[in-house]
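S.K.: The structure under discussion is supplied below as structure tokens; questions concerning it will follow.
Numbering (the working numbering), first residue to last: 28 to 318.
Rendered as structure tokens:
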């Protein structure tokens with residue numbers, strides 16, 4: 028790729044209480060072979076040694092990348108954390124990374140090359156190798172079954188029921204253009220998952236590129252998406268959280284529709300409005316105190 032056409036890229040590693048994995052995650056970010064890169068390590072006020080360990084790796088780094096290691100003054104949660112960082116970035120393409128995953132050295136370069144060669148799609152993602160908690164390679168690639176972002180009706184229907192799959196891409200492999208973020212703005216509903224929101228925004232824009240190549244080592248059975256509960260009270264709490272997740276995703280979709288070319292499409296608006304109503308009713312039902 029011509030050096031003059033290379034987009035300026037920020038690779039952001041989001042961390043929270045990941046002291047067992049953060050050093051590997053940071054080193055993999057710093058090992059990227061892409062020249063026009065700023066690496067940001069952003070910690071959401073971890074209560075363990077995550078930030079201390081990340082800062083140690085950064086302080087020892089003497090490579091070519093511009094690097095910032097920062098920490099929030101308090102724990103603000105994932106969505107507020109993403110919103111805060113996006114407000115501070117100055118780049119064309121944002122590559123997301125988790126504090127428990129490992130980016131392969133050519134990840135950013137592959138994403139940037141696909142971004143340019145495919146005409147600057149608003150969102151990109153790839154496959155990933157699956158690894159366990161201690162880093163052993165597992166069989167198969169991630170993600171498993173996801174809904175095609177290019178099939179808008181299926182994306183729209185993904186919130187039709189509590190049991191409907193709603194994954195659109197593997198967030199740990201994602202990158203999005205700054206102009207996609209700037210068009211729709213901060214995520215306003217904090218129970219959302221940012222990858223599902225950005226996937227819907229890319230579907231609204233009909234602008235997405237999938238790279239059928241593993242560019243990340245993705246740690247499975249770790250983090251929010253792997254939560255399980257054994258007690259009745261715990262299962263009810265998880266179900267309530269899942270309903271509130273879907274409610275906020277539907278609310279965010281409703282907000283984003285008003286900023287899209289589909290803002291006057293009554294069929295689409297009506298479907299999302301019914302989803303908001305359904306999950307509002309379910310959320311109210313499950314809001315009864317757990318005894």
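Glycine included, C-beta positions come from ideal geometry on N, C-alpha and C.
None of the values given here were measured: they were computed from a predicted structure.
With distances taken between CB atoms, is the gap from residue 267 to residue 158 smaller than 8 Å?
M.R.: To locate residue 267, count along the chain shown from 1; it is residue 240. To locate residue 158, count along the chain shown from 1; it is residue 131. Not closer than 8 Å, so no.
S.K.: Among the residues of its own chain, which have a CB less than 7 Å from the CB of residue 277, if the five just before and after it don't count?
M.R.: For the purposes of this step, residue 277 is taken as the residue at position 250 of the chain shown. The answer, listed in chain order, is 186, 299, 302, 303, 306.
S.K.: Which residue from 200, 71, 103 puts its Cα closest to that of residue 133?
M.R.: For the purposes of this step, residue 133 is taken as residue 106 along the chain shown, with counting starting at 1. Comparing Cα-Cα distances from residue 133 to each of 200, 71, 103, the minimum goes to 200.
S.K.: Taking DSSP as the reference, what is the three-state secondary structure of residue 67?
M.R.: The residue you call residue 67 lines up with position 40 of the chain shown. The answer is strand: DSSP assigns residue 67 an E or B state.
S.K.: Touch check for the region 226-246 and the region 104-120: three-plus C-beta pairs under 8 Å?
M.R.: With the cut-off at 8 Å, the region 226-246 and the region 104-120 do not touch.
S.K.: Apart from the five residues on each side of it in sequence, which residues of its chain come closer than 8 Å, Cβ to Cβ, to residue 88?
M.R.: Locating residue 88 in the chain shown gives position 61, where the first residue counts as 1. Same-chain partners within the cutoff: 57, 94.
S.K.: Which of the three DSSP states is assigned to residue 302 in this structure?
M.R.: Translated into positions along the chain shown, residue 302 becomes position 275. Looking at residue 302 - three-state DSSP - the assignment turns out to be helix.
S.K.: Would you say residue 259 and residue 135 are within 8 Å of each other, going by their C-beta atoms?
M.R.: As a first step, residue 259 must be located in the chain shown, where it is residue number 232. As a first step, residue 135 must be located in the chain shown, where it is residue number 108. Taking 8 Å as the Cβ cut-off, residue 259 and residue 135 do not qualify as a contacting pair.
S.K.: Relative to the alpha-carbon of residue 208, which residue among 127, 99, 111 has its alpha-carbon at the smallest distance?
M.R.: Translated into the one-based positions of the chain shown, residue 208 becomes position 181. Considering only alpha carbons, the answer is 111.
S.K.: Taking the CB atoms as reference points, tell me whether residue 34 and residue 139 lie closer together than 8 Å.
M.R.: Translated into the one-based positions of the chain shown, residue 34 becomes position 7. Translated into the one-based positions of the chain shown, residue 139 becomes position 112. A contact, by the Cβ cut-off of 8 Å.
S.K.: When the Cα atoms are used, what is the spatial distance from residue 126 to residue 219?
M.R.: Translated into positions along the chain shown, residue 126 becomes position 99. Translated into positions along the chain shown, residue 219 becomes position 192. Taking the straight line joining both Cα atoms gives about 19 Å.
S.K.: Output the boundary residues of the alpha helix (DSSP H) element that contains residue 261.
M.R.: Numbered from 1 along the chain shown, position 234 holds the residue referred to as residue 261. Run containing residue 261: 259-284, per the alpha helix (DSSP H) assignment.
S.K.: DSSP on residue 140, reduced to helix/strand/coil?
M.R.: If you number the chain shown from 1, residue 140 lands on position 113. Here residue 140 sits in helix by DSSP.
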